[in-house]
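What follows is a short report on a single structure.
Chains as they are written, first to last, in the numbering used here: chain A, 794 to 1529; chain B, 794 to 1529.
Following this line, the structure appears as structure tokens:
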């Protein structure tokens, strides 16, 4: 009997641990912690991160931390408390591993016990989200956040707990949440969508932390384990081969955290899965994709349902960048990001970045932005997005041209949209979404009504609106079935970048083709943007091309009628009802119309080819907004009528306004005329008079081929060129 | 004969030079230059300044610099060219003195010769300013700028020139300008006004530079040399004893440059005048005054005709700060300014600041702002301005309470106005003026029509408007005769700061009294502002109290009617015609009205005592602005009717909105009620329910005396206190 007991003890001590999983393993391994402990005294940034976390957790040691019955929306007490709690639990588990001090493990355990009591009693949140209600939070997505962080926290104190304690927590705190996800919300758990990335990563991390193979398998391969859904199916289905995530960079940022956290846990736990290397390192590409789609303030491009305030100095990208350094090796362009993030994680990658940053005071000020293109769709065949770029650092100009698929529920009706940044200034803007995160008075941070009724509509963008309707008449399901087609592009050169794409599904019977050129001319420090937007239709239509801009009107070269004492709206629906009409103009006999505005420190001119059908509107957002949810931003709208119509616009960035230094330079446009000389199935020929010299843009319109030979006669003169386009300034080819 | 000739030569060589003035003397002396030369190799900031200037001048060496016939307004070619020329001439003269290289002296001389040809041919500028036309520029003020800098430049190359060359320049370039000022524009030259500071300093500097006693005497003592006008009379007449300049800080900044440049030249040339020590160092006080009236971005407070973009990182303040260091001795608070200026002058003071800055990385980030009061008027008896301040550095809250005299032609009708900053955010704003400096399309940078018709009007401010008219019915001359009276104040303590002032001249038959308290309560990191505004009149009036704010509406505690599809203006004149009415509300049976808005990162609530006569308007600037000159900013306007009326408002700064971190805290106001318990000739008693506890403000209303004994019964309870006010929170006196 005694011998048997001894055998049992030996078995428990030596055999079981080697069969059961080692912990910690989810976030850091013991070896990672050993490295962190070793570096702490000499790595000042790591040390700072450690003490920041320690300070926040120490303030709570010995206090009775509330685990309230869920009640409030985001911004309200119970929501924020539970959010705070999972952060504390995760951080305390890190401190326990680093310091070995029991008080941290006790804090985590104490909170887990409270959740183990609370969670089994919970049903759907009393103010549930429309689609998928959570238990602790109004939407299950937030519960997934909770589950991921508490899963990591549990892994961190796993070995501190007795088997009984583990059972209490696993059954009480975790199982009700996992069951809610995988049973109550089984369809949601099976989505290919950022929510499902969160949900599967959460169940998977808890699976590893609690040594629960069933959880882990459901997470990886879907509830039915057929690999049609689940975490891996999301990696395969959500990202394009070059890492573009169909909801856009704001949501890439959000999805990247569960992607990386679970992939990292799997790297420790099941290295043979090689999740980080899946699809030729597509998770690395996703990070690069999201960073390339930020502006010079670090803000993610605001197309689709984005909030402009969000920068890469957010927890998600800090985690992902630090892990990427560890997993994929050194990438010095991440140091510029890390410097602006001002924080590293307590991890192997964080430690490395921290030690390099403290030595590397003179590295790049900005991320290494470059002209770049991304395809959309899991196979990369559903359109895409191109970013043309010129100039360096503060003087960088970026033009985003979007011809992606819809972008799921967070997509906008913005086919063939453009968006322009000049340095830190967003000159041609994208509204983003209408939402005030975590502010209870604004529906607790939910997407507000105007997010759909205004911000998603085509008129809220910088692309063509036909007959005052949005693309696909605002039908998201229909929009999701289609995508534009890129016809040709070249963003690889410094002198002329070009992207040409077309769409024939957004408006029935209308084919839209937009060609955007970014042209750098000698002796001009800013590029010129030439935008040729053709609409072809057999029927009469009204075509509106809006430019949402930031700034104050300086001058026009035509007369307009301002609405001085009464204002009404531009239209009644599809987003038009939100626009006050501030002025309007007809420009008969005036084929060349210019609008110059000042944005803080620089001048911008939109020069337009206009015809007798053209009406121009100056509008401002703000009508029909009873709760004052919208920002009151201006737009410049060109309206033309006809069957086939063409918009040729030149967007010029010029001059400097230095109010402090009391100087302004080059406040006038150098564009003096625009001619559309030819525009047919074969060629489009645009002649712009710029700085008193002709700027000729010739574009091939069919059988696109970068080797095609072309001979075009313009004004009696013959031009031969190879490929899909050529640009000549003062009769000389603008060579790349 | 030979002996005689020799004697003559000796006389010329030795006697005359010792009688004639030494040069250079106006900007730097030879000793100053020797010090600069010595420090250049080791003082990196000085070196940087030197090379910046050298680079800009070297680019022009050997080029034929244009001196065009004047034609354009500010922003236009000829204006900007002449401006550029005087800067180049001044800088080249510095380089000549530092390097001894002739090419710099030649550049200056060459330009002087061109001006010596041009200037005698000039009459009034073809697009003259309304009042005082210049020759080289549209307004004589710009000619004064030219004359100062060319005077300094001339002094710098004086010894390089032959007597004939000097005569050519003095007669050709200078005399026509000096004659224009002192003969054609004699009344203007005799003003007590910033223009006259420029004009007299210009003539005086040229006087010293050209050894012309007549010029110098006219400059110092006025054209008639009776000391009633001239530079010294301007020092005595424009500045209050504590250095407040009646046009406000934006113009103090402008006037300070000629004050300092000429005073500095006089310090070298006639040290016995002790100009810098005149009136107990009033020029030093003026600099401190202007710096204390900047916000955390370094921008001058924008009351009166100010441009918001202007910061202390401008040439005027750089010059003044560097000279002040040299003249008045070390003032380390100037180092924070200099760090933000990022530039020092090539002067003794500049060299000293440069050397300290490079050693002093850890000095204060911000200027040493403090609660402070300034009187207005040459004798300090024409009202004044108080700045209440709480908190440190980024968390500093500043409330500006203005009860000055009108402020000459740049003053606004803003009696008893307040303006609030929370850190870098201007929460309750002052529009400033309407002007786009140097932008030709916007009337060449002139004050635009809306500067008078909107920005100057009372409704554009945060103070009471009676019967939709501006103070003094918008009559500047009348306004200039009066000023409000400060009744009592205390800004010397940290817990309760208070300023109480009254005015009985702005509106006939109406006495206005505003008492503003800034109260710091325990456990609240931002102060509460309590604003009691009484209007006393025997007649019925309509009283509007507007709050111009920055931000987006979050919530109100009452219902309002938004104007959703049509907007009209709030009124027809006196600035009201520029305001679109976005919403209105009546608040019958609702004596406590709250309006919460979000300004980027923080929440603000205006809690108001309202009565059945109260109407509330949400407005936005933009109507009747055909040229789009105005920014479209919102206001919150409380309207009451009656004979005597009281506005009691609590302005509360609360919470944090961190969209990037997805958190919002304390988005709700803690003010739950406001009662005006007593408000008569003896006392005003306000009871505010704040954070569920009573905040009682008791104010004595006559025989103000900081030692007066008071016994006031409030709700049956007796309160005894000494002085003009007491504040109790939760029945305990808020002690200082």
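Glycine included, C-beta positions come from ideal geometry on N, C-alpha and C.
These numbers were taken from a predicted model, which means no experiment stands behind them.
Nearest to residue 1367/A by CA position, among 1242/A, 1324/A, 1149/A and 1111/A, is which residue? The residue with the shortest Cα to Cα distance from residue 1367/A is 1242/A.
Segment limits, alpha helix (DSSP H) that includes residue 1340/A: Element bounds for residue 1340/A: not the alpha helix (DSSP H) but the beta strand (DSSP E), 1334-1341.
Nonlocal neighbours in the same chain, by C-beta distance under 7 angstroms from residue 1418/B, ignoring five residues either side: Only 1243 and 1371 meet the Cβ criterion.
Look at the Cβ atom of residue 1428/A, then the Cβ atom of residue 1335/A, and state whether they are nearer than 7 angstroms. Contact: no.
Residue 933/A vs residue 925/A beta-carbon contact at 7 angstroms: Yes; because the gap between Cβ atoms is below 7 angstroms, this pair is in contact.
Near residue 1470/A, which residues of its chain fall below 8 angstroms by C-beta distance, leaving aside the five closest residues on each side in sequence? 1478, 1479, 1480, 1507 and 1508, listed in sequence order.
If we ignore side chains and look at the alpha-carbon of each, how far apart do residue 1104/A and residue 1064/A end up? In a straight line, the C-alpha of residue 1104/A is about 32 angstroms away from that of residue 1064/A.
Residue closest to residue 882/A, alpha-carbon to alpha-carbon, out of 1316/A, 1499/A and 902/A: Among 1316/A, 1499/A and 902/A, the Cα nearest to that of residue 882/A is on 902/A.
Return the residue from the list 1150/B, 1119/B, 1126/B and 1151/B that minimises the CA-CA distance to residue 1142/B. By alpha-carbon distance to residue 1142/B, the top candidate from 1150/B, 1119/B, 1126/B and 1151/B is 1119/B.
What residue does the alpha helix (DSSP H) around residue 1081/A start on, and which one ends it? 1071-1085 is the span of the alpha helix (DSSP H), which, as asked, contains residue 1081/A.
Assigned secondary structure, residue 837/B (DSSP; H/G/I helix, E/B strand, else coil): Helix at residue 837/B.
Which chain B residues sit within Cβ distance under 7 angstroms of residue 1218/A? Under the 7 angstroms cutoff, chain B gives no residues; its nearest Cβ is about 15 angstroms from residue 1218/A.
Would you say residue 1119/B faces chain A, with C-beta separation under 7 angstroms as the test? Residue 1119/B is outside the set of residues whose beta carbon lies under 7 angstroms from a beta carbon in chain A.
Residue burial classification, residue 1387/A (beta-carbon count within 10 angstroms, cutoff 16): Under this definition residue 1387/A is a buried residue.
With C-beta atoms as the reference, is residue 1373/B less than 7 angstroms away from residue 1415/B? Result yes, Cβ atoms of residue 1373/B and residue 1415/B sit closer than 7 angstroms.
Helix, strand or coil for residue 932/B, going by three-state DSSP, please let me know. DSSP places residue 932/B in coil when its eight states are reduced to three.
Roughly how many angstroms separate the alpha carbons of residue 807/A and residue 957/A, rounded to a whole number? Caution is warranted here: a pLDDT of 44 is assigned to residue 807/A, below 50, making its placement in the model unreliable, and the coordinate value is therefore given only provisionally. The alpha-carbon atoms of residue 807/A and residue 957/A are separated by roughly 19 angstroms.
Residue 1179/B: buried (16+ other C-beta within 10 angstroms of its C-beta) or exposed? Only buried fits residue 1179/B, as 16 or more other CB atoms lie within 10 angstroms of its CB.
Among 1302/B, 1319/B, 1248/B and 1301/B, which has the Cα closest to the Cα of residue 1185/B? Comparing Cα-Cα distances from residue 1185/B to each of 1302/B, 1319/B, 1248/B and 1301/B, the minimum goes to 1319/B.
Residue span of the alpha helix (DSSP H) that contains residue 1371/B, given as start and end: For residue 1371/B, there is no enclosing alpha helix (DSSP H), since its DSSP letter is neither H nor E.
Taking any Cβ of chain B, which residues in the stretch 1295-1327 of chain A have a Cβ under 7 angstroms from it, in chain order? For the stretch 1295-1327 of chain A, which is checked against every Cβ of chain B, not one residue is closer than 7 angstroms.
When you compare the CB of residue 1362/B with every CB in chain E, is at least one pair closer than 7 angstroms? Annotation note: the requested chain E is absent from the structure, which comprises protein chains A and B.
Does the Cβ of residue 1515/A have 16 or more other Cβ atoms within 10 Å, making it buried, or fewer, making it exposed? Counting Cβ neighbours within 10 Å, residue 1515/A comes out exposed, since fewer than 16 surround it.
For a cutoff of 7 angstroms on Cβ pairs, would you count residue 1105/B as touching chain A? No, no contact with chain A.
Alpha-carbon to alpha-carbon, residue 909/A and residue 964/A: Residue 964/A and residue 909/A: Cα-Cα distance of roughly 7 angstroms.
Listed by chain order, chain B residues near residue 1421/A by CB distance under 7 angstroms: 1345 and 1346, listed in chain order.
Who does residue 1346/A pair with in a DSSP beta bridge? Partner(s): 1390/A.
As a quick exercise: from 1232/B, 1410/B and 1403/B, pick the residue whose alpha carbon is nearest that of residue 1378/B. Distances from the alpha-carbon of residue 1378/B to those of 1232/B, 1410/B and 1403/B put 1410/B closest.
Leaving out the 5 sequence neighbours to the left and right, which residues in its chain are closer than 8 angstroms to residue 1221/A when beta-carbon positions are compared? Excluding residues within five positions, the ones whose Cβ falls inside 8 angstroms are 1211, 1212, 1213, 1255, 1340, 1341, 1342 and 1444.
Between the Cα of residue 1524/A and the Cα atoms of 824/A, 1483/A, 1390/A and 1498/A, which residue gives the shortest distance? The candidate whose alpha carbon is nearest that of residue 1524/A is 1483/A.
Residue 1077/B and residue 1121/B - do their beta-carbons sit closer together than 7 angstroms? For residue 1121/B and residue 1077/B, yes; Cβs fall inside 7 angstroms.
List, in order along the chain, the chain B residues whose C-beta lies closer than 7 angstroms to that of residue 868/A? Listed along chain B are 1457 and 1460, each with a C-beta nearer than 7 angstroms to that of residue 868/A.
Are at least three pairs of beta-carbons, each pair with one atom in the stretch 879-895 of chain A and one in the stretch 942-954 of chain A, less than 8 angstroms apart? Touching, per the Cβ criterion.
Taking only beta-carbon atoms, is residue 1100/A less than 7 angstroms away from chain B? By this cut-off, residue 1100/A is an interface position.
Have a look at residue 1010/B and residue 996/B and give me their C-alpha separation to the nearest angstrom. In a straight line, the C-alpha of residue 1010/B is about 9 angstroms away from that of residue 996/B.
Residue burial classification, residue 1017/A (beta-carbon count within 10 angstroms, cutoff 16): With fewer than 16 Cβ atoms within 10 Å of its Cβ, residue 1017/A is classed as exposed.
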